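Participant: Sharing a structure with you now.
Protein chains: 2
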Amino acid sequence: MKAAVVGGGVIGGGWAARFLLNGWEVAVFDPDPEAERKIGAVLANARRSLPALYDRALPAEGTLRFCASLAEAVDSADWVQESVPERIELKHRTLAEIQAAVPEHAVIGSSTSGFTPSQLQDGATRPAQLLVCHPFNPVYLLPLVEVVPSPANGEDIRARCSDLLAGIGMKPLVVRKEIDAHIADRLLEAVWREALWLVRDGIATTEEIDDAIRFGFGLRWAQMGLFETYRMAGGEAGMRHFIGQFGPALKWPWTKLTDVPELTDELVDRIAAQSDAQSGRHSIRELEAIRDDNLVAILRALKTNAWGAGETLSRHEASLAAPHGANGSTLTVDRQVPQSWTDYNGHMNEAHYLEVFAQASDRFMELIGADADYIAGGHSYFTVETHLRHLGEVMAGERIKVATQVVAGDGKKLHLFHQLTGENGEPAATGEHLLLHVDLETRRSSPPGRRISESLLHYLGEHSRLPKSEGIGRFVGQRP
Amino acid sequence: MKAAVVGGGVIGGGWAARFLLNGWEVAVFDPDPEAERKIGAVLANARRSLPALYDRALPAEGTLRFCASLAEAVDSADWVQESVPERIELKHRTLAEIQAAVPEHAVIGSSTSGFTPSQLQDGATRPAQLLVCHPFNPVYLLPLVEVVPSPANGEDIRARCSDLLAGIGMKPLVVRKEIDAHIADRLLEAVWREALWLVRDGIATTEEIDDAIRFGFGLRWAQMGLFETYRMAGGEAGMRHFIGQFGPALKWPWTKLTDVPELTDELVDRIAAQSDAQSGRHSIRELEAIRDDNLVAILRALKTNAWGAGETLSRHEASLAAPHGANGSTLTVDRQVPQSWTDYNGHMNEAHYLEVFAQASDRFMELIGADADYIAGGHSYFTVETHLRHLGEVMAGERIKVATQVVAGDGKKLHLFHQLTGENGEPAATGEHLLLHVDLETRRSSPPGRRISESLLHYLGEHSRLPKSEGIGRFVGQRP
């Protein structure tokens, strides 16, 4: 398939990247002499991130070509995406040029955020071919495209347009009535206006406003929107009840600057019926569980990246007591199993066993002094070999613990044995690991510092008094 | 520490859960005879999800007590959280009762979304003790609390309040000026008004509005807010440039319903300076990389939960070509390494090696017919033993492949050997796995279906012609 991107920049570049990384041939036309550099930068970002979304390889990347004329770019295109600046006369001129050269079967999508398709189609040769396809930045990662047809667009182009967008991983939202700025930007604009007032009146800084979003409702909106979230607030009493409660607030003085639609019975009924159609297949309890699982997964993802709400979480986690053992044993993990760690077999997935054992090894490294500061100083341990045995099952929500034993710790080698117990106190798995002390500069093995060697000797002494597990030194499939 | 929760319901219950799961003693007063059941339901949700955020155990849960009188609940509290309905006379009466019985050192936080602290303090015995602490639902998961003091609140209580909230994992945002509805709810209210118009005018349904949020800007707002996102849109030219571009749009006809602050030089300067203070330590390129890493991590998290934008991703992934081998070898994984898979050592973390090998085993199961339908029919394979060898390093962004070989496949046992190669074509790791065919009902081993046994025989025949790896049958620490 061939796409033509008319108008580069961040949006055009994002489209080019989506098409290319999904195997389309892409031709770009942009008179800006900097276009190639600008699109190159967007493409570099996209190559780094878009394929990382998938657990399969994307198709082989298409070829990218910069054209000297618009006609050359669009002349055999199956899709033309217009992303020129938001001036109606420029849009009209560009779209006319496109239509003069493009095949009749091609879809012409406009990235416009402000104009309606009827405005764009005004004076067009073949208005039926042209509609609004409004994406969101970064186009190569965010799935949403508002597809806005006018009455001039037939059923066939609407369907083909949606199919092609889904084929490059996007979520086409077909807007049922033309309106200035479509849907999402009207909502964004409403927030933007309110935010500008807050800054102007000295109520909040830009950072405080951003924090009010990303530590609160922004986390909700990554997975459920306004209405599904409020449906839960209404509880079992339902959406009608919730709107009834919320209604009076619309008349509060702090909303005096704006018109508010009157909450007639008809409007309340419509919202309630639409909400039933949208979310009625789930009970409120089910919705809450879905929401909570999503929030936990999102917050854990942000914790891995040490950003925003995930950074708050890290800081709090660091303040919690580290696991500690008794009777000479060394407890290195004491935690709960998240819902998102389970798999299609209904139990904790094998990869998370190793995640837990890796946490146990990290904690043991900390205990012997190979902590974050030590690693920042250019040394660490790399795992080179692992043996896992699964002896039982562990379920979501279960509290699990890991006890760690040093098997050997001479020179560069560190040989650890972890035992994971579930809530019933029975061993559910064991992990045997060989780690090598490495120089992070040369990426080669090297002897550890003296403090670490001494600390290891101490643990070796302690652990030598523990019974040796029959799980050590076994190969896969060895009979007990 | 002791908390008193006055007013149960979803918000009061969420506070009770946050305090309890962080080890506080909690006393609840709510005259509603259903309060115990309602708080119990919130607490059940919280127990399922809040501990799952952490890789350490939370402190031992505090005890929860329901009190017959308000005085009994607050009488030795360090923190009182008031969450009664939003009627000022009810708030005043309740706060007066609280102050009559509570110790002077206690913080009294009000969950009010609409009233200012000065309104609440009006007529209070000790106004200095009382301020707004406005949380977001679900209170046990979302970190944000808007802390709104009035001039009557001293520096000491502001600081103590923030410290205690951080101690239960929350993100206190101290609001610098009292205003109706604080910050976040003003933004939410703006969106709500616009959304009500869209539904009333038949432009969009509740579901379409929610989709316009959660497939687009909602994903951005889980990690960066409005201004930091727009800063990137401004590019290297900066925030001042961006506002200049955006400014005219504020005067477009579709904003005619609302007042808009005039974008004076002074306001533009203020926004640009605040944005520099907020985000200036990162270049635009760095911000883009942070944003993209967060979006990838969030989208992958939602994919695991098969929800919203993650479901779109799954559907697209299923349409991508499955890995396929050549020359009798069986390729089971072909993919890129996400940024979020790397660790403090700068390479792919060991747990993700097993994640990749688990994907390889899943794919091989699919190939022999043990696919999603087969599993839904009540049978599957469980991994019982694993041996991993790390032979090289793999970096973020690298394309990796796994070739799979059946070592043995007789009866209930399936013995697999995976070899992972990096972009240089060299083996980076091997995984040897013993799986058992199980009955998902009894959770015990059982013989596989005939089709699977036959398919396995076919692969055994194919793979017996491949050279046998020296990596098979080894124990941890065995010399080469």
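As given, the protein sequences belong to chains A and B, one line each in that order.
Per the working numbering, the first sequence starts with residue 1, numbered consecutively.
Per the working numbering, the second sequence starts with residue 481, numbered consecutively.
Think of the CB as a built atom: it goes at the ideal place given N, C-alpha and C, for glycine as much as any other residue.
Computed from a predicted structure; not experimentally measured.
Taking a Cβ distance cut-off of 9 Å, strictly less, list which residues of the region 760-777 of chain B are near chain A, in chain order.
Facilitator: Within the region 760-777 of chain B, the qualifying residues are R765, E768, A769, I770, R771, D772, D773, N774, L775, V776, A777.
Participant: CA-CA distance, I778 of chain B and E562 of chain B?
Facilitator: Near 34 Å, if we compare the C-alpha coordinates of E562 of chain B and I778 of chain B.
Participant: Counting only runs of 3+ residues fully inside the region 769-816 of chain B, write out the beta strand (DSSP E) ranges in chain order.
Facilitator: The region 769-816 of chain B contains these whole beta strand (DSSP E) runs: 810-816.
Participant: Is the CB of N153 of chain A under 9 Å away from at least one CB in chain B?
Facilitator: Cβ-Cβ to chain B under 9 Å: no for N153 of chain A.
Participant: If you measure from the beta carbon of A159 of chain A to each beta carbon in chain B, is any gap under 9 Å?
Facilitator: So, not an interface residue.
Participant: By a C-beta neighbour count over all protein chains shown, 10 Å radius and 16 as the cutoff for buried, is P618 of chain B buried or exposed?
Facilitator: Result: buried.
Participant: Tell me the residue span of the alpha helix (DSSP H) that contains W24 of chain A.
Facilitator: Looking at the DSSP string, W24 of chain A is not in any alpha helix (DSSP H), and its letter there is neither H nor E.
Participant: Determine, using beta carbons only, whether S319 of chain A comes closer than 9 Å to chain B.
Facilitator: Yes - at least one Cβ of chain B is within 9 Å of the one on S319 of chain A.
Participant: When you compare the CB of R315 of chain A with every CB in chain B, is at least one pair closer than 9 Å?
Facilitator: It does: the Cβ of R315 of chain A has a partner Cβ on chain B nearer than 9 Å.
Participant: Less than 8 Å between the CB of S799 of chain B and some heavy atom of the ligand SAH, yes or no?
Facilitator: What this structure holds is no ligand at all, so the ligand SAH is not there to describe.
Participant: Relative to the C-alpha of E830 of chain B, which residue among B:R567, B:A908, B:G488, B:V813 is closest?
Facilitator: Among B:R567, B:A908, B:G488, B:V813, the Cα nearest to that of E830 of chain B belongs to B:A908.
Participant: Using the beta-carbon count (16 or more within 10 Å), is A675 of chain B buried or exposed?
Facilitator: Buried: at least 16 other Cβ atoms inside 10 Å.
Participant: Closer than 7 Å by C-beta to V268 of chain A: which residues in its own chain qualify, once you throw out the five before and the five after it? Chain order, please.
Facilitator: For V268 of chain A, where only same-chain residues beyond five positions count, the Cβ hits under 7 Å are R240, I243.
Participant: So for D201 of chain A, helix, strand or coil by DSSP?
Facilitator: Reduced to three states, the DSSP call for D201 of chain A is coil.
Participant: Using the beta-carbon of each residue, which ones in chain B are nearer than 8 Å to P448 of chain A?
Facilitator: Per Cβ cutoff of 8 Å: no residues; P448 of chain A is ~15 Å from chain B at best.
Participant: Which ranges does the beta strand (DSSP E) cover as unbroken runs of at least 3 residues, wholly within the region 9-82 of chain A, from first to last along the chain?
Facilitator: Entirely contained in the region 9-82 of chain A, the beta strand (DSSP E) runs reaching 3 residues are, in chain order, 25-29, 64-66, 79-82.
Participant: Between the region 668-684 of chain B and chain A, which residues of the former have a C-beta closer than 7 Å to a C-beta of the latter?
Facilitator: Within the region 668-684 of chain B, the qualifying residues are L668, E669, A670, V671, W672, R673, E674, A675, L676, W677, L678, V679, R680, G682, I683, A684.
Participant: With H, G and I counted as helix, E and B as strand and the rest as coil, what does DSSP make of S949 of chain B?
Facilitator: DSSP places S949 of chain B in coil when its eight states are reduced to three.
Participant: What would DSSP say about D163 of chain A, mapped onto helix, strand or coil?
Facilitator: In the structure shown, D163 of chain A sits in a helix (DSSP, three-state: H, G or I).
Participant: Are H387 of chain A and T866 of chain B touching if we call contact CB-CB under 9 Å?
Facilitator: Yes. Within cutoff.
Participant: Any Cβ of chain B within less than 9 Å of the Cβ of N424 of chain A?
Facilitator: So no, N424 of chain A is outside the interface.
Participant: When the Cα atoms are used, what is the spatial distance from L302 of chain A to I271 of chain A?
Facilitator: Their Cα atoms are separated by approximately 34 Å.
Participant: Would I524 of chain A pass as a contact of L70 of chain A if the rule is Cβ separation under 9 Å?
Facilitator: The structure shown has nothing for residue 524 of chain A, since chain A only spans 1 to 480.
Participant: Which of the three DSSP states, helix, strand or coil, is assigned to T735 of chain B?
Facilitator: Here T735 of chain B scores only 49 on pLDDT, less than 50, and its place in the model should not be relied on; the value that follows carries that caveat. T735 of chain B falls in the helix class under three-state DSSP.
Participant: Is the Cβ of L261 of chain A closer than 9 Å to any Cβ of chain B?
Facilitator: The amino acid occupying residue 261 of chain A in the given sequence is Pro; Leu does not appear at that position. Chain B contact via Cβ: present.
Participant: Please list the partners that Q278 of chain A has in chain B, where partner means a Cβ-to-Cβ separation under 8 Å.
Facilitator: Those within 8 Å of Q278 of chain A in chain B are T685, T686, E687, D690.
Participant: How do the region 676-683 of chain B and the region 209-225 of chain A stand: do at least 3 beta-carbon pairs fall below 8 Å, yes or no?
Facilitator: Contact fails: fewer than three Cβ-Cβ distances are below 8 Å.
Participant: Which runs of the beta strand (DSSP E) at least 3 residues long sit entirely within the region 811-877 of chain B? Give them in chain order.
Facilitator: Counting only runs of 3 or more, we get 859-870.
Participant: Closest to G114 of chain A by C-alpha separation, out of A:E36, A:V148, A:T94, would be which residue?
Facilitator: Measuring from the Cα of G114 of chain A, the nearest candidate turns out to be A:V148.
Participant: Along chain B, which residues have their Cβ under 8 Å away from the Cβ of S380 of chain A?
Facilitator: By Cβ distance, chain B contributes Y824, N825.
Participant: Pairs of beta-carbons, one from the region 441-448 of chain A and one from the region 832-839 of chain B, closer than 8 Å: are there three or more?
Facilitator: Touching, no, given that fewer than three Cβ pairs across the two stretches are closer than 8 Å.
Participant: Who are the near neighbours of E921 of chain B in its chain, counting only those whose CB is closer than 7 Å to its CB and skipping five residues on each side?
Facilitator: Cβ within range, chain order: G858.
Participant: Which residues in the same chain have their Cβ closer than 7 Å to the Cβ of R954 of chain B, if we skip the five residues on either side of it in sequence?
Facilitator: For R954 of chain B, where only same-chain residues beyond five positions count, the Cβ hits under 7 Å are H867.
Participant: Using the C-alpha atoms, what's the distance from Q278 of chain A back to A497 of chain B?
Facilitator: Looking at the two C-alpha atoms, the distance is approximately 30 Å.
Participant: For the beta strand (DSSP E) that contains G589 of chain B, what are its first and last residues?
Facilitator: Run containing G589 of chain B: 587-590, per the beta strand (DSSP E) assignment.
Participant: Going by beta-carbon coordinates alone, are T812 of chain B and V882 of chain B separated by less than 9 Å?
Facilitator: Result yes, Cβ atoms of T812 of chain B and V882 of chain B sit closer than 9 Å.
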